[in-house]
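Chains as they are written, first to last, in the numbering used here: chain L, 1 to 268; chain W, 269 to 536; chain H, 537 to 804.
Here a beta-carbon is modelled for each residue, glycine too, at the ideal position from N, C-alpha and C.
Bear in mind that the values here come from a model prediction, so they are computed numbers and not experimental data.
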Amino acid sequence: MFMLPIQSLRSKIQETSPLIHNMTNVVVTNFTANGLYALGASPVMAYAEEEVEEMASIAQALILNIGTLTKQEIDAMLIAGKSANKKGVPIIFDPVGVGATSFRTESARRLLEELDISVIRGNAGEIANLTGQAVEMRGVDSTAKMDDSLETAQEVAKTWNTIVALTGAKDIITDGTKVYSINNGHPLLTKITGAGCLLSSVVGAFAAVDEDNLLEAVASAVAFYGISAQVAASKDINMGPGHFQMHFLDSLHQVTPSQINEIVDVKL
Amino acid sequence: MFMLPIQSLRSKIQETSPLIHNMTNVVVTNFTANGLYALGASPVMAYAEEEVEEMASIAQALILNIGTLTKQEIDAMLIAGKSANKKGVPIIFDPVGVGATSFRTESARRLLEELDISVIRGNAGEIANLTGQAVEMRGVDSTAKMDDSLETAQEVAKTWNTIVALTGAKDIITDGTKVYSINNGHPLLTKITGAGCLLSSVVGAFAAVDEDNLLEAVASAVAFYGISAQVAASKDINMGPGHFQMHFLDSLHQVTPSQINEIVDVKL
Amino acid sequence: MFMLPIQSLRSKIQETSPLIHNMTNVVVTNFTANGLYALGASPVMAYAEEEVEEMASIAQALILNIGTLTKQEIDAMLIAGKSANKKGVPIIFDPVGVGATSFRTESARRLLEELDISVIRGNAGEIANLTGQAVEMRGVDSTAKMDDSLETAQEVAKTWNTIVALTGAKDIITDGTKVYSINNGHPLLTKITGAGCLLSSVVGAFAAVDEDNLLEAVASAVAFYGISAQVAASKDINMGPGHFQMHFLDSLHQVTPSQINEIVDVKL
Chain L
1 MFMLPIQSLR
11 SKIQETSPLI
21 HNMTNVVVTN
31 FTANGLYALG
41 ASPVMAYAEE
51 EVEEMASIAQ
61 ALILNIGTLT
71 KQEIDAMLIA
81 GKSANKKGVP
91 IIFDPVGVGA
101 TSFRTESARR
111 LLEELDISVI
121 RGNAGEIANL
131 TGQAVEMRGV
141 DSTAKMDDSL
151 ETAQEVAKTW
161 NTIVALTGAK
171 DIITDGTKVY
181 SINNGHPLLT
191 KITGAGCLLS
201 SVVGAFAAVD
211 EDNLLEAVAS
221 AVAFYGISAQ
231 VAASKDINMG
241 PGHFQMHFLD
251 SLHQVTPSQI
261 NEIVDVKL
Chain W
269 MFMLPIQSLR
279 SKIQETSPLI
289 HNMTNVVVTN
299 FTANGLYALG
309 ASPVMAYAEE
319 EVEEMASIAQ
329 ALILNIGTLT
339 KQEIDAMLIA
349 GKSANKKGVP
359 IIFDPVGVGA
369 TSFRTESARR
379 LLEELDISVI
389 RGNAGEIANL
399 TGQAVEMRGV
409 DSTAKMDDSL
419 ETAQEVAKTW
429 NTIVALTGAK
439 DIITDGTKVY
449 SINNGHPLLT
459 KITGAGCLLS
469 SVVGAFAAVD
479 EDNLLEAVAS
489 AVAFYGISAQ
499 VAASKDINMG
509 PGHFQMHFLD
519 SLHQVTPSQI
529 NEIVDVKL
Chain H
537 MFMLPIQSLR
547 SKIQETSPLI
557 HNMTNVVVTN
567 FTANGLYALG
577 ASPVMAYAEE
587 EVEEMASIAQ
597 ALILNIGTLT
607 KQEIDAMLIA
617 GKSANKKGVP
627 IIFDPVGVGA
637 TSFRTESARR
647 LLEELDISVI
657 RGNAGEIANL
667 TGQAVEMRGV
677 DSTAKMDDSL
687 ETAQEVAKTW
697 NTIVALTGAK
707 DIITDGTKVY
717 SINNGHPLLT
727 KITGAGCLLS
737 SVVGAFAAVD
747 EDNLLEAVAS
757 AVAFYGISAQ
767 VAASKDINMG
777 PGHFQMHFLD
787 SLHQVTPSQI
797 NEIVDVKL
């Protein structure tokens with residue numbers, strides 16, 4: 001098995017509490033902040049065009065999530081993003097629901113064209129819509145088949161010179177050439193809102209403490225997240241989505257190195 | 269006992285995952301999305317005037333909730349609502365806190381006058397305020413007595429040619445003529461925020477899969493919701509409001525047909 | 537031990553359900569509303585400049601929290617605040633992240649200059665930044681040492697003629713002269729988002745039912761909050777942050793007078 005630095009990056013997050021600036025949607029703010037605190041990072045949410053340049057410049061990662069976008073918020077994301085680019089702060093882009101409306105599609109393209117994005121994290125339908133294909137979306141949920149996902153992910157990574165984390169039942173992490181395939185995760189993640197959104201922020205936290213291999217850091221984040229979900233779900237065989245949320249936040253905080261080693265399922 | 273199609277509509281939600289477009293308040297977005305996922309529906313939140321016409325037109329139900337309304341949001345609700353009306357997408361209106369401020373009262377009236385609303389879901393005070401009576405509100409909580417609620421609900425239903433779901437300790441569902449009276453539910457629902465708001469969205473999900481009897485679909489939604497609360501509360505006799513939230517989300521996902529049959533308490 | 541009227545004020549909240557108008561950040565709205573319901577108060581969130589004057593005037597306390605401030609929201613806070621001042625409704629100010637960006641620092645100063653604030657509740661870094669010192673912030677989290685916190689708190693209290701609740705591992709409540717020092721609380725409060733924000737709203741609820749000694753009411757709120765956290769954390773020695781949230785909401789509802797008496801740790 002290829003060894004990802006999951007635990008070492010996770011420890012570094014716990015030791016250094018990187019500041020993660022989230023510009024995210026109104027549905028998942030609370031869950032995102034709680035997930036980042038559980039992980040050991042220091043979340044901040046800031047949206048006003050009067051302060052995002054300053055906030056992004058002191059952050060260790062910037063998350064741009066268009067789940068409940070407005071024209072104003074996209075404008076503020078561009079200000080924050082340019083500030084992050086100037087300071088070398090990695091930007092994680094979560095193109096929530098791109099393809100569902102033309103406003104989402106155009107806004108995503110605007111962000112991709114005007115900013116240097118380090119990582120794009122989305123589901124199969126969202127990533128496919130970034131290639132210019134018009135793939136049907138059920139609101140923010142993907143109805144795309146995963147079959148040709150690898151090629152799609154590689155195409156998006158090459159087109160935008162970025163890393164793509166296409167996540168779902170199986171996760172694909174690629175820079176366009178190298179590919180990590182991750183089999184961790186749990187179906188209960190699809191029964192709660194914000195599972196993908198929080199993952200994007202967790203990717204930001206791992207990217208924040210990465211030193212020299214962003215692709216490995218992203219793969220580590222996605223694997224760690226899936227492992228945490230599996231540990232959470234294992235607490236009770238009849239677990240419902242309400243209790244899963246709580247166990248999952250616990251896991252992000254409490255998963256042990258030996259659990260990581262036992263459960264990790266990654267192929268290069 | 270009159271037989272409502274509670275389980276058959278619920279199964280249809282689980283099988284078809286109807287897309288529910290929520291324009292709701294910032295307090296309850298997360299709980300609403302989680303409740304809809306638990307139920308088996310596919311929630312989306314979208315607020316920007318640039319995209320709501322398109323999003324509402326592909327949804328199976330549209331929820332308009334004025335809990336933290338702004339002028340801009342009301343304008344966007346009108347755009348979304350007209351789009352929904354054009355496509356025959358049912359609109360559920362939740363007049364949160366109407367009567368507490370004149371801005372809420374006027375905004376509610378504007379929505380009712382300019383849109384065809386399929387269902388209004390509110391507490392006794394909110395529904396009473398829609399008749400033009402000025403009934404005292406404690407913010408978004410009703411202080412109205414339930415005594416003359418039936419007549420009030422019928423009056424509102426007739427005035428606006430809609431179905432009214434007036435919910436509280438006892439629930440009244442009426443189209444102005446026919447009346448369902450529902451005795452399901454649990455007092456812990458009053459100890460958590462968003463219990464009414466999520467119910468409005470759940471009504472939307474049942475309306476989305478209804479074929480030819482909207483009144484029955486609304487009554488089924490309200491009964492199912494109350495039953496889920498009872499099943500949740502039954503898990504622990506000393507349950508506090510924190511744990512109730514989680515058990516309740518579990519119940520929306522896990523309540524069984526036989527639990528529905530045992531607990532349902534509806535009169536026509 | 538000095539006797540604070542913790543239980544009597546708490547009972548009064550449960551009996552009278554004071555209406556608490558929160559203008560707070562998008563991260564903590566749900567948790568804040570749930571915490572206030574659990575406590576027995578009646579929360580309302582209202583932000584639109586069209587309604588905040590009216591809403592603040594019927595509230596028993598107004599909470600101004602700048603966690604995700606915008607220019608528009610600050611303008612609305614000034615309208616609400618002036619309305620509250622006119623009616624004698626106490627204002628609790630939570631200067632989230634002040635010092636992290638100049639927009640936060642300037643906005644905080646504007647609120648303090650134009651409104652009569654009854655209580656400021658913040659962490660050590662936030663309170664220090666209100667003195668005009670530029671103390672480093674990690675986003676919304678304080679990196680300040682607590683050593684000279686007492687003097688800082690007293691200085692801020694005197695400057696703005698207000699009560700300061702500087703909370704952290706140890707809590708300091710002062711009107712500039714008299715000082716309460718509170719040793720209740722639990723480290724898990726630092727692992728969830730909104731613990732400080734909800735505390736500000738709980739302070740509002742205690743202030744709402746206070747009759748003639750606001751300093752005691754604030755100290756009672758802070759002690760009650762810390763005690764509730766201790767009771768919550770005591771339920772399970774391996775508790776993670778996910779479950780802590782739920783137990784904490786339960787505790788705000790269920791803590792008993794005898795638990796309060798046993799656990800309270802306050803010095804005058």
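Using the C-alpha atoms, what's the distance from residue j back to residue i?
i: residue 173 of chain L; j: residue 70 of chain L; result: 29 Å
i: residue 388 of chain W; j: residue 719 of chain H; result: 49 Å
i: residue 141 of chain L; j: residue 168 of chain L; result: 11 Å
i: residue 752 of chain H; j: residue 111 of chain L; result: 52 Å
i: residue 209 of chain L; j: residue 294 of chain W; result: 32 Å
i: residue 163 of chain L; j: residue 177 of chain L; result: 10 Å
i: residue 136 of chain L; j: residue 321 of chain W; result: 17 Å
i: residue 59 of chain L; j: residue 213 of chain L; result: 19 Å
i: residue 575 of chain H; j: residue 788 of chain H; result: 5 Å
i: residue 502 of chain W; j: residue 453 of chain W; result: 12 Å
i: residue 346 of chain W; j: residue 759 of chain H; result: 47 Å
i: residue 609 of chain H; j: residue 650 of chain H; result: 15 Å
Could you spell out where the alpha helix (DSSP H) holding residue i opens and where it closes?
i: residue 239 of chain L; result: Here residue 239 of chain L belongs to no alpha helix (DSSP H), and DSSP marks it neither H nor E.
i: residue 37 of chain L; result: 29-39
i: residue 22 of chain L; result: Unbroken run through residue 22 of chain L is the beta strand (DSSP E), 19-23; no alpha helix (DSSP H).
i: residue 233 of chain L; result: 214-233
i: residue 598 of chain H; result: That residue, residue 598 of chain H, is in no alpha helix (DSSP H); its beta strand (DSSP E) goes 597-601.
i: residue 537 of chain W; result: Residue 537 of chain W cannot be examined here, being either before or after the span of chain W that is shown, 269 to 536.
i: residue 792 of chain H; result: Careful: residue 792 of chain H lies outside any alpha helix (DSSP H) and carries neither H nor E.
i: residue 81 of chain L; result: 71-87
Let me know if residue i comes out buried or exposed under the rule of 16 or more other beta-carbons within 10 Å of its beta-carbon.
i: residue 3 of chain L; result: exposed
i: residue 773 of chain H; result: exposed
i: residue 429 of chain W; result: exposed
i: residue 133 of chain L; result: exposed
i: residue 679 of chain H; result: exposed
i: residue 560 of chain H; result: buried
i: residue 268 of chain L; result: exposed
i: residue 797 of chain H; result: exposed
i: residue 550 of chain H; result: exposed
i: residue 335 of chain W; result: buried
i: residue 566 of chain H; result: buried
i: residue 149 of chain L; result: buried
i: residue 250 of chain L; result: buried
i: residue 152 of chain L; result: buried
i: residue 524 of chain W; result: exposed
List the residues of chain L that residue i touches, going by C-beta distances under 8 Å, in chain order.
i: residue 727 of chain H; result: 37, 38 and 253
i: residue 345 of chain W; result: Correct list: empty, because the minimum Cβ distance to chain L is about 14 Å.
Find the residues of chain L that neighbour residue i, judging by a C-beta separation of less than 9 Å, and give them in chain order.
i: residue 298 of chain W; result: 26, 27, 28, 29, 30, 31, 193 and 194
Since residue i meets chain W, which of its residues come closer than 7 Å, beta carbon to beta carbon?
i: residue 141 of chain L; result: 310
i: residue 243 of chain L; result: 514 and 518
i: residue 168 of chain L; result: Under the 7 Å cutoff, chain W gives no residues; its nearest Cβ is about 15 Å from residue 168 of chain L.
How is the beta strand (DSSP E) around residue i delimited, first residue to last?
i: residue 447 of chain W; result: 447-450
i: residue 311 of chain W; result: 310-313
i: residue 122 of chain L; result: 119-122
i: residue 800 of chain H; result: No beta strand (DSSP E) contains residue 800 of chain H, which DSSP labels as neither H nor E.
i: residue 746 of chain H; result: No beta strand (DSSP E) contains residue 746 of chain H, which DSSP labels as neither H nor E.
i: residue 460 of chain W; result: Looking at the DSSP string, residue 460 of chain W is not in any beta strand (DSSP E), and its letter there is neither H nor E.
Taking C-beta pairs closer than 7 Å, name the residues in chain L that residue i reaches, listed in chain order.
i: residue 287 of chain W; result: 138 and 139
i: residue 322 of chain W; result: 101 and 102
Can you pull the chain H neighbours of residue i, defined as C-beta to C-beta under 7 Å?
i: residue 339 of chain W; result: 584 and 586
i: residue 372 of chain W; result: 587
Which residues in chain W have a C-beta closer than 8 Å to the C-beta of residue i? List them in chain order.
i: residue 570 of chain H; result: 460, 461, 509, 510 and 513
i: residue 581 of chain H; result: 293, 294, 295, 335 and 336
Closer than 8 Å by beta-carbon distance: list the chain H residues that pair up with residue i, in chain order.
i: residue 444 of chain W; result: Under the 8 Å cutoff, chain H gives no residues; its nearest Cβ is about 30 Å from residue 444 of chain W.
### Query
Which whole runs of the alpha helix (DSSP H) in the region 374-445 of chain W are 4 residues long or more, in chain order?
392-397 and 417-427
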